[in-house]
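As structure tokens, the structure follows; a few thoughts come after it.
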Amino acid sequence: MYSVLFTLIAITCTTFSLLAQKPSVPMKDVRGFKEKLVNMTQKVSTIESDFVQEKNLSVLSNKIISKGHFCYKKDNNIRWEYQQPYRYLIIISNGKIFVRDDNAQKQYDIQSNKMFQEMNNFISGCIQGDILHNDRDFTISYFEDERHYFVSLVPRAESMRNMLNEVQIWFSRTDFTVTRINMVEPGGDYTNIAFSNKKLNTDIPAEKFNFK
Amino acid sequence: MTHRLNHKRIRQLVLKPLLPVLLSLLLTGCAVSVFQGYKPVVSTGAFTPESWFWADSGHFLFNAHIRVFDNHFSGLMVVKPEATDHYRVVFITEVGLKVFDMEFLPGKEPVVHYVMEAMNRKALVATLKNDIGMVLMHNMSVIQPVVLRQKGNNDLILQYMHGGNKNRYHFRDIAFNRPYKVRQMSGVTSRVEAGFYGSMHSGIDSVKISHTNIKLTIDINRIHEEVNHADE
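Line by line, the protein sequences are chains S and X.
So that you can map any letter, position 11 of the first sequence is -6 in our numbering, and since no number is skipped, the others follow by simple counting.
So that you can map any letter, position 97 of the second sequence is 556 in our numbering, and since no number is skipped, the others follow by simple counting.
Below, the structure is given as structure tokens:
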């Protein structure tokens, strides 16, 4: 139900500081937060956004920074187009995933590959917000500060915790769009995806989600 | 009975004296038969090729594809030389999830710090450790190779006995002291081959690894980042 809203990728907070502290004050009105998300969800059918992905590995002093463009179209059509420092395209649509880079392209049935299935569920769940409904697999906590609503998801299963310690999602207080996702691994390595230049309800051609 | 005695006498009179000769031929001459026209030459340390992943070069970022049977893993591979013969290799998906993290320490077996559950199969992990170690030339500097040369050809093949029954052959370009190909052979049919593509100026550009006895290929293509690694 919240899927579209959570997919909203925003940069209303202008230049997003990747070093921003995570809010630590417990959210006062979680129910109100969720209701507002639902309201936003119902109004949005497409989202376009730029994104910057930072991969921090403890073995490197520099982060690996990737940039690209993100598209979402109701229902569950997602396009990640990495543009720097390499070109890479991921399209998730109709239960299939398509990946292409300069050297190869391939199409997969998400259901046929356990790893893709899990990864897709996880990634799209973060983007679309479905993951927030998953109380069975995650311990979910809600926080806030002057600019953001902040949701922390801690996996319950040990197998999941071996991969991720915590998933953090920031929402803009002004329009309830997702501004940032941070995936923290055991050992402290993390992947931070910050979204910017958000455009809502633009006309995104269906071809953007076709596999060519 | 006569038949038996004949066989016994043949073994005593013919095979027994020949055994040391046959063994020595097997031990020293295999490479000659594998690469026609190549013969061992006197080896000096100067022949030893250098790793493409030298220790003072920050880190290397690759776009990587690992295809194993019907599974395909793609993402970014980071190779970080820590010191001489000490490397950290991390493979992550494009969206940042870690697939594996291995450390290659001098004089030791590779250490696996993490492997994603979907890839955590003993045989596959052992193969990946071997293949990546082969590409890095991990622990090769301590092995004295047999140097093979073909008459009229300046390129060299360096034969390393590695890990018991494995022979690794490094094909060294005479103008560029780095291997352009490494072939590992064990048993009769098992073969792994890595092709290196790059130049003296830009360094390593890509590596392609393929196996003959299992459906496994690894392709890595260098991504040149804009950031400065001088501080690493």
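For each residue, glycine too, the CB sits at the ideal point set by N, CA and C.
- Counting the other CB atoms within 10 Å of its CB gives isoleucine 47 of chain S a total of 16 or more, which places it among the buried residues.
- Under the 8 Å criterion on CB atoms, leucine 43 of chain S is classed as interfacial with respect to chain X.
- Beta-bridge partners assigned by DSSP to glycine 592 of chain X: none are found.
- At a beta-carbon threshold of 7 Å, the residues of chain X lying near alanine 87 of chain S are His524, ordered along the chain.
- Within the same chain, Cβ atoms closer than 6 Å to the Cβ of histidine 629 of chain X are found at Pro508, Leu617, Pro638 and Val641, the five residues on either side in sequence being excluded.
- A Cβ-Cβ contact shorter than 8 Å links isoleucine 591 of chain X with valine 548 of chain X.
- For glutamine 66 of chain S, no Cβ of chain X is located within less than 8 Å of the residue's own Cβ.
- A distance below 6 Å between beta-carbons, with the five flanking residues on each side excluded, links proline 169 of chain S to the following residues of its chain, in chain order: Asn148.
- Cα atoms of valine 13 of chain S and threonine 24 of chain S: separation of roughly 17 Å, rounded to the nearest angstrom.
- In this chain, lysine 79 of chain S is not harboured by any alpha helix (DSSP H); it is covered by the beta strand (DSSP E) spanning 79 to 84.
- Contact with chain S is found for lysine 557 of chain X, since one of that chain's Cβ atoms lies less than 8 Å from the residue's Cβ.
- Annotation for serine 645 of chain X: Asn624, Lys625 and Asn626 place their beta carbon closer than 8 Å to its own, counting only its chain and skipping 5 residues before and after.
- At least 8 Å separates the CB of glutamate 149 of chain S from every CB of chain X.
- Taking a Cβ-Cβ threshold of 8 Å, the residues of chain X close to methionine 146 of chain S are Leu556, Lys557, Met575 and Glu576, in chain order.
- Proximity of arginine 547 of chain X to chain S, defined by a Cβ-Cβ separation below 8 Å, is satisfied.
- Taking 8 Å as the cut-off between beta carbons, the residues of the stretch 663 to 685 of chain X near chain S are Asp678, Asn680, Ile682, His683, Glu684 and Glu685, in sequence order.
- From the beta-carbon of glutamate 141 of chain S, no residue of chain X is found nearer than 7 Å; the closest lies around 11 Å away.
- Assigned with DSSP and collapsed to three states, asparagine 145 of chain S falls in coil, not helix or strand.
- Valine 601 of chain X and glycine 555 of chain X do not touch by the CB rule: their CB atoms are close to 36 Å apart, not below 8 Å.
- A Cβ of chain S is located within less than 8 Å of the beta carbon of lysine 539 of chain X.
- Beta-bridge annotation (DSSP): glutamine 25 of chain S is not paired with any residue.
- Contact between isoleucine 30 of chain S and tyrosine 69 of chain S is absent: CB atoms are separated by about 24 Å, not below the 8 Å threshold.
- Between lysine 581 of chain X and proline 569 of chain X, the gap from beta carbon to beta carbon reaches 8 Å or more.
- DSSP, read as helix, strand or coil, puts lysine 625 of chain X in strand.
- Sequence-distant partners of glutamine 36 of chain S (beyond 5 residues in either direction) whose C-beta falls short of 6 Å from its own C-beta, in its chain, are Ser49 and Ile176.
- Residues Tyr656, Gly657 and Arg681 of the same chain have their beta carbon placed closer than 6 Å to that of aspartate 664 of chain X, with the five preceding and five following residues left out of the count.
- Taking 8 Å as the threshold, the shortest C-beta distance from threonine 162 of chain S to chain X does not fall below it.
- The beta carbon of tyrosine 55 of chain S sits no closer than 8 Å to any beta carbon of chain X.
- Rounded to whole angstroms, alanine 653 of chain X and leucine 40 of chain S show a C-alpha spacing of 27 Å.
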